[in-house]
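**Student:**
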Amino acid sequence: MPLRQPEHGWTYAEYLKLDDDRRYEIIAGELVMAPAPSIGHQRVSRDLGYRLISFVAKHKAGEVLDAPVDVILSPSVVVQPDLVFISNERSSICQERGVFGAPDLVVEIISPGSLARDRHSKLKLYRKHGVKEYWLVDPSSQSVEVLVLNEEGEYDLHSSASGGRGRVKSLVLAGFGVTMGAIFSGK
Numbered sequence: 010m011p012l013r014q015p016e017h018g019w020t021y022a023e024y025l026k027l028d029d030d031r032r033y034e035i036i037a038g039e040l041v042m043a044p045a046p047s048i049g050h051q052r053v054s055r056d057l058g059y060r061l062i063s064f065v066a067k068h069k070a071g072e073v074l075d076a077p078v079d080v081i082l083s084p085s086v087v088v089q090p091d092l093v094f095i096s097n098e099r100s101s102i103c104q105e106r107g108v109f110g111a112p113d114l115v116v117e118i119i120s121p122g123s124l125a126r127d128r129h130s131k132l133k134l135y136r137k138h139g140v141k142e143y144w145l146v147d148p149s150s151q152s153v154e155v156l157v158l159n160e161e162g163e164y165d166l167h168s169s170a171s172g173g174r175g176r177v178k179s180l181v182l183a184g185f186g187v188t189m190g191a192i193f194s195g196k
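Note that the working numbering has the sequence shown beginning at 10, numbered continuously upward.
Now the structure itself:
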């Protein structure tokens, strides 16, 4: 049975009533189905997630969560980033049903079907809702862009690497960085 768009658009409350096992996000009140990620996508998520989790645990800096986890930015905006970091200072936004507010750091691993959404729609949403740092990870070009929210509420490119070479670093997690070889090894 196809899902009917509510007259006023989808909200988090309506999203919770869905009774299937598909992955959905709500962007500006529109329900968007996210297909299962590829094996390559999952490997990149695993390798970057492992390094991020290890760093955060070692420094007792907060918590890292991986998909699928609901990040509720507003009643009409619910996303499921690949990885999120929430600092200790903001741990109260982590609740049983999801993350209620903007994480400190969000990682989106770009898939062919998510390119426009990750680079444009989600970038605007994360900026609007105050995500301090946004990592765009592209397995096809073996590149990472680290965008940091400036005082004017716009994203600046803080660090980038491509072609499977080089290293990127975080501003939000001082001292955290990763080489392209470490996350794009493919094994």
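By construction, the Cβ of each residue, glycine as well, lies at the ideal position given by its N, Cα and C atoms.
Less than 8 Å between the CB atoms is what I'm expecting for Leu145 and Phe64, so what's the real figure, rounded?
**Tutor:** No, Leu145 and Phe64 are not in contact; Cβ-Cβ is about 19 Å, not under 8 Å.
**Student:** Does the segment 94-108 come into contact with the segment 68-82, if we say contact requires no fewer than three beta-carbon pairs (one atom in each stretch) closer than 8 Å?
**Tutor:** These segments touch.
**Student:** Please go through the same chain and pick out, in chain order, the residues whose beta-carbon is closer than 7 Å to the beta-carbon of Ala76, but skip the five residues on each side of it.
**Tutor:** Excluding sequence neighbours, Ala76 sits near Gln89, Pro90 and Asp91.
**Student:** Say whether the segment 148-159 touches the segment 172-190, bearing in mind that this needs 3 or more beta-carbon pairs closer than 8 Å, one atom from each stretch.
**Tutor:** Output reads yes: the segment 172-190 touches the segment 148-159.
**Student:** Which residue spans inside the segment 115-176 form an unbroken beta strand (DSSP E) run of at least 3?
**Tutor:** Fully enclosed beta strand (DSSP E) runs of 3 or longer: 142-147, 152-158 and 164-170.
**Student:** Considering Cα atoms alone, identify which of Gly18, Lys137 and His50 is closest to Leu158.
**Tutor:** That would be Lys137, whose Cα lies nearest to the Cα of Leu158.
**Student:** Where in the segment 26-85 do unbroken runs of the beta strand (DSSP E), each at least 3 residues long, occur, reported from the N-terminal end onward?
**Tutor:** Listed in chain order, the complete beta strand (DSSP E) runs (minimum 3 residues) inside the segment 26-85 are 32-36, 39-43, 71-75 and 80-83.
**Student:** Phe94 to Gly18, Cα distance in whole Å?
**Tutor:** Cα to Cα, Phe94 sits roughly 29 Å from Gly18.
**Student:** Kindly identify the DSSP beta-bridge partner or partners of Leu92.
**Tutor:** Beta-bridge pairing links Leu92 to Asp75 and Val116.
**Student:** Quick check: the Cα distance between Gln104 and Gly110, rounded to an integer number of angstroms?
**Tutor:** Those two C-alpha atoms are separated by around 10 Å.
**Student:** Taking just the CA atoms, how far does His50 sit from Asp56?
**Tutor:** In a straight line, the C-alpha of Asp56 is about 10 Å away from that of His50.
**Student:** Tell me, which residues are paired with Val108 by DSSP?
**Tutor:** Looking at the DSSP assignment, Val108 forms a beta bridge with Val80 and Cys103.
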